[in-house]
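Residue numbers (numbering that gives the first Met the number 0), protein chains in the order written: chain A, 0 to 233; chain B, 0 to 424.
Heads up, the beta-carbon is just placed ideally off N, CA and C, and yes, glycines get one too.
Reading through the structure tokens given below for one structure.
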Amino acid sequence: MIQADQVSKSYLRGEDQVHALQTATFGVQPGEFVAVIGPSGSGKSTLLSMLGGMLSPTAGRIVLDGESLYDVSIEKRAALRNHKIGFVFQNFNLIPWLNALENVELPLRLYGHDRKSRRTAATELLERFGLVDRILHRPSELSAGQQQRVALARMLATNPRLILADEPTGNLDSETRDLVVETLSELCNEDRAVVLVTHDDAVSTTASRVLQISDGLVTEQRNQKERPGKNAVA
Amino acid sequence: MGHFGLILTEMIRRPGPSITALIVVAMGVSALVAAESIASSSERQIAGQMQQLGANILVLPNDVSLQDYYAADTHGQSIPEEYVSRITLAQMTGVEELSPKLTIDSQWNSDPIVLTGILPRTEFYQKSSWQSVSILSAELAPVPVGKKCEGCNGRSCQISSGEKTQLSSYSSTRIIHELDKDALLIGADLAEAYGIQAGDKIELSSEMSSGEPSRASLTVAGILPTTGTTDDNRMFAHLHTVQELHGEGPVVNVIEVMGCCEDVSSGLADELDSLLPGVRVVTISQVVEAQVTVNRVMNRLSWVLFALLMAISGASIASVMFANVTERKRELGTMLALGATPTMVGRMIILKASAIGLVGGIAGLAVGVIAAFAIGGQYQSLSVGIQPQAALVGVVVAILVAAIASFLPARKAAQLDPCVCLQEL
């Protein structure tokens, strides 16, 4: 589904060259649940941003469903992000002045889906996450767990093939954390792949594969579970 | 509509950042619309009033400015009525009609009323010393309808003999043939407002210059047709009745002279000036010119003010939008992550600024219209008409200024790195 090929990222900090990621090569197949672990500042978020088409690598290439993410136009890359990639963030990143329904509709709205179809899709997703009675609530009126569920619903609005989650459980209690991990895990069975950055061992043990990043170097650490499509390129 | 709907939602639910810019835009547009509408309506009114006035020379007390006379002829200054006789007896070439007037503040049932005293032509006729004066004896003779006018102005002889006997003809001709001393003519608007009808008795009171109260019981002789001028809100009575109420003896505020055009231009005004001491003789063209000049200055000032406020609006919008982009980095970054292109994000910023321009422009238009009507009605009894051209220019310029001012903030938003935005969380 997505293939990172000799991907490196370096940037200047003052006069020093910082190598955030060095010649990483790996692939993620449909059905895989990949956890990315590593200490703070090791390059986890950099990797996730590059996989999400938001940060171009200094070298190497990333191919999503046969298309090289950084060899296409900005518009095409944005459309790929919208249609094929779903993001889940640690801080949920809901738009504060939109209610739950409008937040879930947002990815569809950006690409001109008509009001009726996006309303229907968003309502169904919110129902799926048990938020039907919170549809008109703004993020500030929702608990952290509810906000993350809205964020999950928003992420699924465009039915993406690749889910990128950046510490999605970092701000949640253990009960909600389990719910989020379980949801992401279930989504892997729907011909999707999940790449999740986490510090939480309890979360990483749920993954089928774990990528360890240390000083910009990516290594495959261990297989947690047997899952379909685990034959990733290392 | 999707993106514009998003922008409107944000503006409605989070109005704070946009309010200041919106107010400045609204101020600029309202100043332009109000000033343009008043100036334009004022010009139209001058034309209308001058046409109604009929006279082309005004003999005024020396201290009265043209503005005072135009705004309201209750300026309080007076000249002797005897000046009317002087002008008549001087038999100046070109003087066709004279209309002395005295306007005072009066009261009816505790309501303030503007009362104007006018002199019917029969008064001239009765004064034997004037019998030989050609302008009056000639004009008083009945003129058959359709007869060719012989005077150079021809105004008085264009009036049919039937019209001369009608009280209502005053509104169109400014000449009244006959008016009893206890008769009262009522302006159309005033009659409608108070439900006054012909035959009604009206008790007017006033205060004489000595401070003593004065009263007059008058009978409504007729209701004047609508003229669209201040006359519609006045009462008219015999000059001598008004003089008695006023208590300053035989004085008038103004003598309107209907003069022959060629003679006016060849020095009739100068002749009147040398004949009458302590007066100011002005031609209507001077009055119109003065008002038109004032209007033009006001008009230019309104455009200068508009330009200044638009410049301030532009700076304000640019500042607000820059702050908005910085403040919303996380939101905009999220939108980029969800698939928005940089062009979309930039366009959203320009659309938002344009929406501020549009809403501010429309709000300014509404405020300008209300202000124009309020100011026009309060100070000049103007029948204000809105200038569609100024309104359109105001709103369109407001939108353009807002859009242009948001160009740099929009570029900044479009250049946001979604990844950097997310890392900053």
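Taking 9 Å as the Cβ-Cβ cut-off, the region 127 to 142 of chain A approaches chain B at Arg137, given in chain order.
For the pair Thr157(A) and Leu107(A), the CB atoms are nearer than the 8 Å cut-off.
For a cut-off of 8 Å, the C-beta gap from Ala413(B) to Val24(B) is around 24 Å, too long to register as a contact. Where Trp96(A) is concerned, there is no enclosing beta strand (DSSP E), because DSSP gives it neither an H nor an E.
The beta carbon of Thr325(B) sits no closer than 8 Å to any beta carbon of chain A. Considered as a whole, the region 138 to 165 of chain A harbours 161 to 165 as its complete beta strand (DSSP E) runs of no fewer than 3 residues, in chain order.
Listed along chain A are Arg80, Asn81, Phe86, Leu105, Pro106, Leu109 and Arg153, each with a C-beta nearer than 8 Å to that of Leu337(B). For the pair of segments examined, the region 83 to 99 of chain B was found to touch the region 247 to 258 of chain B: the number of CB pairs separated by less than 8 Å reaches three. By a beta-carbon distance limit of 8 Å, Arg60(A) contacts Tyr69(A). Their separation comes to about 7 Å. Between the region 165 to 176 of chain A and the region 186 to 199 of chain A, the count of Cβ pairs shorter than 8 Å is three or higher; the stretches touch. Under the Cβ criterion of 8 Å, Ile94(A) is counted among the residues facing chain B. One finds Leu5, Thr8, Glu9 and Arg12 in chain B with Cβ atoms closer than 9 Å to the Cβ of Leu97(A), taken in chain order.
Beta-bridge partners of Leu216(A) (DSSP): Gln21(A) and Ser213(A).
Our two residues, Val280(B) and Phe235(B), have alpha carbons roughly 24 Å apart in a direct line. Across the set Arg329(B), Leu217(B) and Val358(B), the C-alpha of Leu217(B) shows the shortest separation from the C-alpha of Lys200(B). Contact with chain A is absent for Thr229(B), since none of that chain's Cβ atoms lies less than 8 Å from the residue's Cβ.
In the three-state scheme derived from DSSP, where H, G and I count as helix and E and B as strand, Pro99(B) is classed as strand.
In chain order, Leu335, Ala336, Asp416, Pro417, Cys418 and Leu421 make up the part of chain B whose C-beta sits under 8 Å from the C-beta of Met53(A). For the pair Met53(A) and Pro417(B), the CB atoms are nearer than the 8 Å cut-off. Taking 8 Å as the threshold, the shortest C-beta distance from Glu330(B) to chain A falls below it. For the options Thr24(A), Asn90(A), Ser203(A) and Lys83(A), the alpha carbon positioned closest to that of Leu155(A) is the one of Lys83(A).
Straight-line measurement puts the Cα of Ser301(B) at about 16 Å from the Cα of Gly375(B). At the C-beta level, Gly215(A) and Leu20(A) come within 8 Å of one another. Nearest CB-CB separation between Met343(B) and chain A: below the 8 Å threshold. The residues Val103, Leu124, Leu125 and Phe128, in chain order, have a CB closer than 6 Å to that of Ala152(A) in the same chain once the five nearest residues on each side in sequence are set aside. Within chain B, no C-beta atom comes nearer than 9 Å to that of Glu66(A); the closest sits roughly 15 Å away. Positions of the beta strand (DSSP E) runs, each at least 3 residues long and wholly inside the region 77 to 121 of chain A, are given as 84 to 87 in order along the chain. About 7 Å separates the Cβ atoms of Ala336(B) and Gly51(A), confirming a contact at the 8 Å cut-off.
With its beta carbon less than 8 Å from one in chain A, Thr340(B) belongs to the interface. Annotation for Ile403(B): Gly313 place their beta carbon closer than 8 Å to its own, counting only its chain and skipping 5 residues before and after. Under a 10 Å Cβ-count criterion, Ala215(B) is classified as buried, with 16 or more other Cβ atoms of the shown protein chains found around its own Cβ. Residue contact check for Glu74(A) against chain B: a CB pair falls below 8 Å.
By alpha-carbon distance to Asn90(A), the top candidate from Leu183(A), Ser139(A), His112(A) and Arg117(A) is Ser139(A).
Nearest to Ser203(A) by alpha-carbon distance, out of Asp177(A), Asn188(A), Leu186(A) and Asp190(A), is Asp177(A). Boundaries for Arg327(B): no beta strand (DSSP E) harbours it, and the DSSP string shows neither H nor E there. Less than 8 Å divides the Cβ of Ala371(B) from the Cβ of Ser36(B).
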